[in-house]
Each structure stands twice: as structure tokens, then as C-alpha cells.
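Worksheet for the structure shown next.
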Amino acid sequence: MRGPLTARLRDLATPPVLIAFGGVLWMIALLAMVLVDANPEWEAHQSEYRKRLAAAADDAASVRHAGRFKVQVKQIDLPALERVDRCVSCHVGIEDPAFADAPQPIATHPGDLLTIHTPERFGCTICHGGNGRATSREDAHGLPEPSLNPMLRGEFLQGSCGKCHGDDEFVAGSRLEVGRRLFDHYGCRTCHRLYQSGNTAGPDLTKVGSKKFDAFFWGNDYRGTDRSVVYWLESHFKNPSAFYPSTMLNFKMTDENARALVVYMLSLTDERIPDRLQPSRGPTKP
Amino acid sequence: MDENRETPALGRRALIARIGWGAFAASIAGSLAAGVRYMFPKALDEPPSKFKAPPPDTYGVGSVYAVEENKSFILRDAGGVFAMSAVCTHLGCTVKHMDAKGEFHCPCHGSVFDKDGTNIAGPAPRPLPRLDANVARDGRLEVDTQVEAAKDYRVPVDAGRG
Amino acid sequence: MSAHSLMESLRCSAIYRSIVRRGPADNDIDRSLAITSNVFLHLHPVKIRRHALRFTYTFGLGGITTLLFLILCVTGVLLMFYYVPSPERAYRSMQDLRYVVPYGTFLRNLHHWAAHAMIVTAALHMARVFYTGAFKGTRQFNWVVGVILFVLTLGFSFTGYLLPWDQLAFWAITVGTNMAAAVPLLGGMIRYALLGGNIVGANALLRFYVLHCAVLPALVFVFLAVHFWRVRKDGGISGPPLPAEVPEEGPPERLFATTPGRSYALVALPREAPAAVEESRKSPEDTVLTYPHLLVREAAAAMVVIGGLLLVALFLNAHLEEAANALKTPDPAKAPWYFLGLQEVVSWSTPFIGGVLVPGLMVLALLAIPYVRPNSVGVGVWFHPARRRAVIAFTIGLVLNVLLIVVGMFFRGHGWSLVWPWSN
Ligand code: HEM
Ligand code: FES
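Below, the structure is given as C-alpha cells:
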């Protein structure tokens, strides 16, 4: 049984050799640990940001500004929302108008939404979703999908507006507003409950926007790779029996309408927003 | 333990023993160092040292604007706007602004600071430090409570860059 | 070498001599003193039977389990610096460890994998003790202490499982504590006492935390002390009976008390032994000095285990699922892996059978093992033919347990239905 190789190995496995072997493994592991910790993803982005700041500095104030920039974990502490958003560790430029043309992740936040929804009061995840405490792209964005905390993307982002803003505040013609009207138009309450009204033939939709992908029934035959909530909802609206035989009526919705309805569904969450951040409380203090 | 097997050169054994001990010592030392580093997280659930306040031109001359969460005051005088720490230089209590006198009083051991933060009575050894303040790119005042500014540092009120 | 002479002068210094009260270990007396004059090392006897050194006898399993326990203590204390046992903050501490505490991920992984490994090595250690008949004779009670240690080890894992406060933790503990609730009459009370209420909530988290970080460590330390003490009192670890007669040069020198059940009397230290005779003295016990023979082997095993564990911790991240949500049960909701065998039984029978009767009988059977045939036949021999039936019975139990765990881990899918591991 024992070939020459195993015999040689046996001879080699003396206590001193094993001690040296274990010790070297220990050192390698320590070294790897230190290296991994010393090279976080955000560091590269912040260095790039700092480089651009320095390059663009043209007067004393901006030179000072660039000089003071420290590469470190950046975060927005949001005790009122019981969260900490570290998105700004990579997205360092969101509040700096000079970075409008910079590449992601250091680009300026588009539009003027940040002037009303100041990041230090609202943070990022309340609108964008994702995992605010994470400091790696994958974890923060909830990748790979399907994941428990996916970010809302593109047109679906509007779903978040409905977490705070009441129906009467929805911008006319926005997907969210269209979705809400479609909800009445199709008569969804005939079967579903929403808040205090509606029926119980279908599931209650009051918190449907908080459900994770694994809370939806994907049927036994679905083999696709997209298992996101958004995909499930949209497929389901276009064909209620997309995944399993459903008793829901098929409204033959257009893509457009189905997506608007998805956006509205996403706004129906059980997230608790403290009163003082609610828009109905009048103008926000600076 | 096998005496009849050819013993390897003593040099090799000694070398292995040395590698073993060396690696062991280095690993222990490295692990202890890592343990110390572990005690210093890269971020805390504490209010950040930097905070933003309304743009400089929103403060009336002579006004004292208290930012309680950040233990600071923002003051405006003829020369401009500046931020001042509200942390007593004696032992760290938070000073109160006495509107009537324009002074700052510390409730703990009775230190008194005048309207510029100079210590004028009590045990406080130094004036209240002036804090680094700048107009951020969005036009608001950005104050860093961890960075002390020069004694006469002020942000000129027309310096906003929009 | 200058380094060498530096070491030499260090050794001669008054400070060094005040700490290490022996000369360089180049003779048996100093080698003995190396053990007896050191509070930690004197857990060991000065001399042990040569047989005890054989790796294939113990596989070092008891020692490795002890090492893992110590690693868990160290990493656990470090984790306590950041962990807050409240539903609001527990999960956040886990996230902070992962994202902003230097080496936090690594440390958590270490604790996680060492914990799993400890259950495995403790179980293997138990199997080795069983298969070598090491629970017989004077060692009966130490087997019982061992069973208690094993149950405490499971308790450690069970209580630790809840602490991250993620979905996996929350529902595993919900399932686990409901199994405890199936105890007749007292079940509800046990569950209530364990959870500090009726639901897995803030009180349960606090209780599990205190059990995990204070009560269980104290208990394990106490029982470990008894365990080791008994190993010493039973004459070191077991081995095959000593040869009845000693051949060659007339009556052997009796250096040590041979009465089984006694540790070697210290008075029997070879007082005027010539220098550098180390291990050469023939005695009926065929002993060797603990220092260096056992110690280097222990050091070797320790270093390999530590090195291996660190590598695992580097590459495999401990789970962290979504934060606990009392309103949504993940599908499937599985107990921690070492309880999956029981969950499997529960899924075919009743919580009482799977959650109480089977585990209860299992522990009772384990406790009874040394008292079934109180003889000392075949001690110290792996799978001794005299214990053939016992060996077969134990093996069946072991294999069954492993099989059920494997089924629970890999063959149970949505709604606890049987699935192939690759179909998901
Ligand atoms: C926390 C878990 C445990 C630890 C840390 C531990 C530690 C040890 C150590 C260091 C030894 C010395 C011999 C060796 O390394 O094999 C030993 C021996 C022994 N252990 Fe354990 N043990 C544990 C659990 C158990 C369990 C579960 C059993 C059986 C139910 C057990 C029964 C025994 C017995 C009977 C001996 C004496 C063996 C002999 O003399 O050959 N121990 N234990
Ligand atoms: S702390 Fe303010 S006077 Fe002592």
C-alpha cells in the first residue's frame, strides 16, 4: 500500500517540519489579511477623486479643499432613519457640481433632487435601496441579483418616492402616479386589500414593496436567471400565470402599464419614516 | 527516532527549527499587532466631525447660531462668519450662550468666555477653539469640529461660490 | 553566532533565571522541571508512556478540541468588543465587523469555523475514545465528563447561532427552541425560560448572549479541569496493558509507581541521573519525557491546525443573511447543521420524538456506555475484537446520525421537500 511517496511524506512530517509549515501558513494568512484590509475598493475611487480635485484646483480655496481631502471610509450617519449609508465612500462626488462629467462612481448626483433631499438628512438608501452599511460595490448594490437588498434601478427608482409622499403629491404623469391610477383603473381592490380597503380574494398588498424575491412563488418550471422582485411583478402583471396557474384576471397590460404598476407596488413598503422627515411636515429646515 | 536511518545534515534540521521558531514568533507578533489594529474601526456610528450649516449670508451680523448636535456655534461679526466649539476647554462640558451678556458660561466649573470665545473667568485654560469652516461647493457652510482654525479665522460673507 | 551568544547571556541573566527556574534542558532533571515548574505545562505528567505519543492512537483529537476551544475564547472576546446583544444593533455589529472593522471579517470567520470544527473534533474524539475502549476501567467517569463537555459544546454552538440576528439565526433558533418545547409537562416552561418570553425577541437574544459568553465558558472550563485532572489521575491516557514481564537484564529498575490510576509520583524523579540520558532508561512502562517528546508533537498539531484554520477563514466567509424578520420564515427553515438529524426525525414523527425522545435517549445511551460492561478488556486497542458488537452498534449510530445530517443539509429544499442537491 505505502508507496515511496507516502513513505517520504511520512518521514517529512516530523514535528519541527510541521511547526514550520503551520507557522508559515499562519504568516501567509496574516499577510493576506493585512493586504486585503489595506486595499479596499473605495480607496481607488477616492484616490481618483482626490487626483481630479487637485488637478482642477485653480484658486487658493480649492487648493485647500483638495489638500484637506482624506481617503477614508465616508458615511452619512442617519440616526433618525436608524441607518448609516456608506455609499459616499465610493460615490464621493455626489455633492460636488464640478464632477458632472466625471465617470461613476465619483460623478455628481444628477438633477437637483439633493437640494431638497439633502444627503445628510436622508442619506442614499432611503431612495435607492441597497445595503447602506456595505463598503463593497457588490454588497452595497445587492449583487449578484437576486438578492435580499437589491438597489432600485432606473425607472423603478420612483417607487421610493411613495414611501414618504402621499398620493396627492405624486407628480402627474410620473410612473408612480400612473401606476397608482392604474391600480384604481383595473379595480385591483376588487380582490386585493390595500391599507383599510379592498377584498381578500388575493393577497394583501399593503406591504408588498417590502417583500423580498424569495417571498414570491416562482413556480416549479421557471428556469430563468432573473429572479428579481421587479421581474416577478412585471411578468405577473403581463400574464398572471407566468410562473404558476394564477386565478388573477389577465388584463393584457402593455409593458408600459405593467411597469408603472410595478413602480407603484414598490412604493408600498412598511419602512418607518420618522415624522420629522415626512414631507407633510411643512418645509424642511436647512 | 529511527536511529538507523541516515540522519539529515544537522544544518538542515537547525534551519527548519529556526524557520519554525521564526514563523511562530512573527505570527504571534503579527497577530498581536492585528489585534491592536482591530480596536480602531474605520468608521463609527458617531455624528461625523464635519457638518453643514446654512450658507454664510443667512446669519445676521452679531448673531449666535447654536448647532447642538455638533456642539458648536456659528457666529457672524463685521469681519465675516466663523464657527466656534461649544466644548469647554477645561474638562469638556458644553457651554451655554447667555443671550443677555453675549457671553458663554460653562455649567460645570463656572468658566466664562466672552463673545469671541476668550476665556475671561473660571478654570478654563484656553479660549474656545475656532473651528475650520469653508463654503462647500453647494454654497453651504461646512464646519469640521476636529480641525482647529486660526484665532482670527473668518469666512468672508461674499465668498460663496454658488 | 552573535545571536546565539546573545541568547546565552539572556539565559544567564538574573531576570531570566527568576522566571525560568531551571537550567538548559540538556538533562532529565531540567527536562522534568520544565514541566513541573510551569503552571500551564504541569497539566502534563513529567513522563508519559511511549505509546501515548502515537499519533494514530489519539489523532491528537482531545488536544485539538482544547485548542479550538481556546481559539474560540480569544476570538470570541475580541468579537465582544463590537457586538451589542440587542435586536436593533446585533445585526449592525455584524455588518460593521464585515465592512469597517479592520480584520473584522477575518476574525468572525475564524470564530465561525473554529466553532464548527470544534463540534466535529469533539465528536471524533468521542469516537476515538469509544473505539479504543478508553472509557473502560478507571476511566468510566471521565467518559461521563466527556459527554457533558460534548453537550456543553453543542450548547455553545446553539446559543452562538442566534447572536448575528439574521434570518438564518432567528429561524434556526425558533425551530430549535420549539423542539425543546416538546418536552412533556415541562416543555413550555423550558422554552419560556430559554427565550425569556414566548417569542424569539430581545430577551431571548440577551439570554443566549449571557449563556454563550459567560455561563457556558465557565462551565466548560470547570468540566475541562475535571476532565484533564481525571486523565492525570487515571495514569495518563490509556494504552494497551503493560507487558506482564520484562525481559533482559534481570529485574527492571522501578522508577515510577506502576499502580494504575496514579499519576507518576514526583518523588520518583531520577534524582542523581547522569546528564543527557534522556529516555534511555528502560522501565516496564517504556516511558519518555513529556518535554520535549509530547510537547513538540502538541506544538506541531497546534501549528498545523492554526495554519489550516486561518487559511479557511481567509477564503470562506461566515454567513450573514438578511436581518432577522419575525414575520417572514425563509423557505426552507433549517436548524443548525448538527441538529439537522433531529429535525429530519421531527419531520417524519412528532416534535416530542425527534426533539426530546431521540436526543434524550442518545445522551442517556452515551452516558451509559461505560457502565454496560464494566470490564477492562481491550483497553487501548482500536476496534478490539472483544468489543465487536459494541463497535458495530456505535458505528451504526454514528453513520445514521451523519446520514441524517447530510440529508438535512443537502437533500431538503423548499417546504422541506426531498430534492437533489444539484437541482437548486
Ligand atoms: C469539549 C470537548 C472535549 C475536550 C476539549 C476534550 C479534551 C481531552 C483531552 C485533551 C484528552 C487527552 C487525550 C486525547 O487528546 O485524546 C481527553 C481524553 C479523554 N476524553 Fe476528552 N475532551 C472533550 C470531550 C470528550 C467527550 C465528548 C468524551 C466522550 C464522551 C471524552 C472522553 C474522554 C476520555 C474517556 C478521555 C481519556 C482517554 C484515554 O485515556 O485514552 N472527552 N479529552
Ligand atoms: S468643564 Fe467647563 S469649567 Fe470645568
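Line order of the protein sequences matches chains A, B and C.
Using our numbering, the letters of the first sequence map in sequence onto residues 18 to 303.
Using our numbering, the letters of the second sequence map in sequence onto residues 1176 to 1337.
Using our numbering, the letters of the third sequence map in sequence onto residues 12 to 435.
Even for Gly, the Cβ is constructed at its ideal location relative to N, Cα and C.
All figures in this text were calculated on a predicted structure; none of them were measured in a lab.
Validate contact between the stretch 1239-1255 of chain B and the stretch 80-90 of chain A using beta carbons, cut 8 angstroms, 3 pairs: no
Beta-carbon within less than 6 angstroms of ALA128 (chain C)'s beta-carbon, same chain only, minus the 5 sequence neighbours each way: which residues are those? Taken in chain order, the residues that qualify are LEU79.
With a floor of 4 residues, list each alpha helix (DSSP H) that falls wholly inside the stretch 63-148 of chain A, ordered by position along the chain. 77-85, 130-133, 136-139 and 142-145
Using a 10 Å radius around the Cβ and a threshold of 16 neighbouring Cβ atoms, would you call TYR437 (chain C) buried or exposed? This structure gives no information on residue 437 (chain C), because the portion of chain C shown stretches from 12 to 435.
Given PRO341 (chain C), which residues of its chain have a CB within under 8 angstroms of its CB, disregarding the five upstream and five downstream residues? GLN178, LEU179, TRP182 and GLU332
May I ask you to report which of helix, strand or coil DSSP gives ASP297 (chain C)? coil
Is there at least one non-hydrogen atom of ligand 2 closer than 7 angstroms to the beta-carbon of GLY1254 (chain B)? Taking 7 angstroms as the cut-off, the C-beta of GLY1254 (chain B) does not count as close to any heavy atom of ligand 2.
Per-residue contacts from ARG1187 (chain B) into chain C (C-beta, under 8 angstroms): Under the 8 angstroms cutoff, chain C gives no residues; its nearest Cβ is about 17 angstroms from ARG1187 (chain B).
Output yes if chain A places a C-beta closer than 8 angstroms to the C-beta of ASP107 (chain C); else output no. yes
Of the residues A:MET50, A:TRP43 and A:ASP94, which one's Cα is nearest the Cα of ILE143 (chain A)? A:ASP94
PRO291 (chain A) CB to nearest chain B CB: under 8 angstroms? no
Would you grab the beta carbon distance between TYR142 (chain C) and VAL402 (chain C) for me? Rounded to a whole angstrom, and I think it's under 8 angstroms. 6 angstroms
Please report the residue range of the alpha helix (DSSP H) in which ALA1291 (chain B) lies. Note on residue identity: the sequence assigns Asp, not Ala, to residue 1291 (chain B). ASP1291 (chain B) -> no alpha helix (DSSP H), and no H or E assigned at all.
May I ask you to report which of helix, strand or coil DSSP gives VAL439 (chain C)? Since the first and last residues shown for chain C are 12 and 435, residue 439 (chain C) lies out of range.
Using a threshold of 7 angstroms, is the CB atom of CYS181 (chain A) nearer than that to any non-hydrogen atom of ligand 2? No, Cβ of CYS181 (chain A) sits at least 7 angstroms from all heavy atoms of ligand 2.
Under the three-state DSSP convention, the category LEU415 (chain C) falls into: helix
So which residues touch the region around ligand 2, with touch meaning a C-beta under 5 angstroms from any heavy atom? Counting every residue whose Cβ lies closer than 5 angstroms to a heavy atom of ligand 2, we get B:CYS1263, B:HIS1265, B:LEU1266, B:CYS1268, B:CYS1281, B:CYS1283, B:HIS1284 and B:SER1286.
First through last residue of the alpha helix (DSSP H) which encompasses VAL242 (chain C): 227-244
Burial state of LEU278 (chain A) (16 or more Cβ within 10 Å): buried
Under a three-way DSSP split, which group does ASN1309 (chain B) fall into? strand
Show which residues of chain C have a CB atom less than 8 angstroms away from the CB atom of ALA1201 (chain B). Simply none; closest approach about 13 angstroms.
Using a Cβ-Cβ cutoff of less than 6 angstroms, which residues in the same chain neighbour ARG298 (chain A) once the five nearest sequence positions on both sides are dropped? The predicted model places ARG298 (chain A) with a pLDDT of 48, which falls under 50 and marks its position as unreliable, so this point remains unresolved.
How about GLU309 (chain C): is its Cβ closer than 7 angstroms to a heavy atom in ligand 3? Ligand 3 is absent from the structure shown, which contains only ligand 1 and ligand 2.
Count the other C-beta atoms from every protein chain shown that fall within 10 angstroms of the C-beta of HIS330 (chain C), then say buried if there are 16 or more, exposed otherwise. By the neighbour-count rule (16 or more Cβ atoms within 10 Å), HIS330 (chain C) is not buried but exposed.
Chain A contacts made by the stretch 292-316 of chain C, where a contact means CB separation under 8 angstroms: Taking 8 angstroms as the Cβ-Cβ cut-off against chain A, the residues of the stretch 292-316 of chain C that qualify are VAL307, ARG308, ALA310, ALA311, ALA312, ALA313, MET314, VAL315 and VAL316.
Using a cut-off of 8 angstroms between C-beta atoms, extract the partners of PRO252 (chain C) located in chain B. Chain B residues near PRO252 (chain C): none, gap ~23 angstroms exceeds 8 angstroms.
Give me the subset of the stretch 23-36 of chain A whose CB atoms are less than 9 angstroms from a CB atom of chain C, sorted by chain position. Against chain C - using a Cβ distance shorter than 9 angstroms - the residues of the stretch 23-36 of chain A are ALA30, THR31, PRO32, PRO33, VAL34, LEU35 and ILE36.
Nearest neighbour of VAL112 (chain C), chosen from A:ALA73, A:MET50 and A:ASP113 [CA to CA]: A:MET50
Kindly say whether PRO1223 (chain B), judged by its beta-carbon, lies nearer than 8 angstroms to any beta-carbon of chain A. yes
Among A:ILE111, A:ALA61 and A:VAL90, which has the Cα closest to the Cα of PRO1223 (chain B)? Among A:ILE111, A:ALA61 and A:VAL90, the Cα nearest to that of PRO1223 (chain B) belongs to A:VAL90.
Cβ neighbours of ASN120 (chain C) in the same chain (closer than 7 angstroms, five flanking residues each side left out): Cβ-Cβ distances below 7 angstroms link ASN120 (chain C) to ALA324, LEU327, ASN328 and ALA329 in the same chain, with the five nearest sequence neighbours on each side left out; the list follows chain order.
Would you list, in sequence order, the uninterrupted alpha helix (DSSP H) runs of no fewer than 4 residues that lie entirely inside the stretch 164-227 of chain C? 178-191, 198-206 and 213-221
Would you say ALA1218 (chain B) lies against chain C (beta-carbon separation less than 8 angstroms)? yes
Please list the terminal residues of the continuous alpha helix (DSSP H) segment that includes ILE380 (chain C). 369-383
If I'm right that LEU165 (chain A) touches GLY176 (chain A) with Cβ under 8 angstroms, what's the distance once you round it to whole angstroms? Not a contact, Cβ separation roughly 17 angstroms.
Taking the continuous alpha helix (DSSP H) assigned at HIS122 (chain C), which residues delimit it? 115-142
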